[in-house]
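For reference, the structure discussed in these notes is given below.
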Amino acid sequence: MTSALPKLGIIAGGGTAPQAVIEACRRDGRPYFIFCLEGQADAGLAAQGAHQWQPLGALIRLRDAVRAEGIQELVLIGHVRRPSLLEIKPDWLALKILTKIGINSLGDDALLRAIGKALAEETGARVIGVQDIFGDLVVPVGRLGRHKPDAVAEADIQRGMQLAATLGALDVGQSVVVQQGLVLGVEAIEGTDALIARCGALRREGEAGVLIKRAKPQQDDRYDLPTIGPDTIRSLQAAGLRGVAVEAGRALIVERAETIRLADEAGLFIVGVSA
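Residue numbers (the working numbering): 32 to 306.
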């Protein structure tokens, strides 16, 4: 029996978010094809269905596969580490994009938007955000789990949200850690888990710090939304932090039940905050 749902092309970066999208496709009976980004995606994704390993700069190969597979919608999900030009090895289509926006935009939101636009134009597929089809992955407003932030944590969250918006506008990162009003660290190229570990070594006495994750004000929500999951909670616990606040409606939670269970057991809070 043919599915009534359009076939989804999953352009998969690192982390567990691509697996969550695959599981949601299976649950909904949506056909899918996985493009595993070389040097980014977890090796285990290759066992999750029809796929091809996709070099970062081989957009012609990606375009041709989208056409051949009859893919109607495309989603980019998972962490993509900022590449060097040598790593990209751009074909003529990728080089055309880089020339248009400037090589200095590598890893920036402008690059992701340009790639999405080019793929839509070249293939006719619709580039969408995960939240457009799998709304249950989106973090809502309010507390998730048993624990909630106290007044000190609420103040840290407010400060962190303001700082994250400023840093995001500069395209620096999406995450900060704040403790008792003191900024312990901001996310750069190292990623959230490394940020958490670094801040764990810097924490002061008293009420522990909070991780705050917020989408960049200017970013296209189809790409690179902040994401939390079980690994986030494990990292927070190991670093001695007390919880995480994310921008409600513009952040994803993977393995929701397991993430909340781990937070409850560790005494950590998870909260979605309106920006």
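Think of the CB as a built atom: it goes at the ideal place given N, C-alpha and C, for glycine as much as any other residue.
Handout entry: Own chain, CB closer than 8 angstroms to residue 42, minus 5 neighbours either side, in chain order
Key = Answer for residue 42: 66, 68, 85, 93, 105, 106, 107, 108, listed in chain order.
Practice task
Would you check if the distance between the CB atom of residue 237 and the CB atom of residue 268 is smaller than 8 angstroms?
Solution key: Contact flag unset, no.
Problem - Rounded straight-line distance, which links the Cα of residue 47 to that of residue 76 - result: Answer to the nearest angstrom: the Cα atoms are 10 angstroms apart.
Exercise for the section: May I ask you to verify whether the stretch 164 to 177 touches the stretch 48 to 62, counting CB pairs closer than 8 angstroms and requiring at least 3? Expected result: In the pairwise beta carbon analysis, the stretch 164 to 177 is classified as touching the stretch 48 to 62: at least three pairs are separated by under 8 angstroms.
Handout entry: the stretch 167 to 178 / the stretch 148 to 157 touching (three or more Cβ pairs under 8 angstroms)
Key = Judged by Cβ distances under 8 angstroms, the stretch 167 to 178 makes no contact with the stretch 148 to 157, as fewer than three pairs qualify.
Problem - Cα-Cα separation between residue 278 and residue 73, rounded to whole angstroms - result: Distance from the CA atom of residue 278 to the CA atom of residue 73, rounded to whole angstroms, is 26 angstroms.
Problem - Contact set for residue 80: own chain, Cβ-Cβ below 8 angstroms, skip 5 residues either direction - result: Here the set comprises 53, 63, 64, 65.
Problem - Continuous alpha helix (DSSP H) stretch holding residue 265: start and end - result: Judged by DSSP secondary structure, residue 265 falls within the alpha helix (DSSP H) whose first and last residues are 261 to 270.
Practice task
Specify the secondary structure class of residue 81 as computed by DSSP and reduced to three states.
Solution key: Shown here, residue 81 sits in coil according to DSSP, grouped into three states, outside any helix or strand.
Practice task
Specify the secondary structure class of residue 294 as computed by DSSP and reduced to three states.
Solution key: Looking at residue 294 - three-state DSSP - the assignment turns out to be helix.
Problem - DSSP three-state assignment for residue 96, whether helix, strand or coil - result: Looking at residue 96 - three-state DSSP - the assignment turns out to be helix.
Handout entry: At least 3 beta-carbon pairs within less than 8 angstroms: the stretch 185 to 194 vs the stretch 221 to 234
Key = As far as the Cβ criterion goes, the stretch 185 to 194 does not touch the stretch 221 to 234, which means the pair count is below three.
Exercise for the section: Pull up the CB-CB distance for residue 83 and residue 37, whole angstroms please, since I reckon it's below 8 angstroms. Expected result: The pair is not a contact, with the Cβ atoms about 19 angstroms apart (cut-off 8 angstroms).
Problem - Collapsed DSSP secondary structure at residue 39 in the structure displayed - result: DSSP places residue 39 in strand when its eight states are reduced to three.
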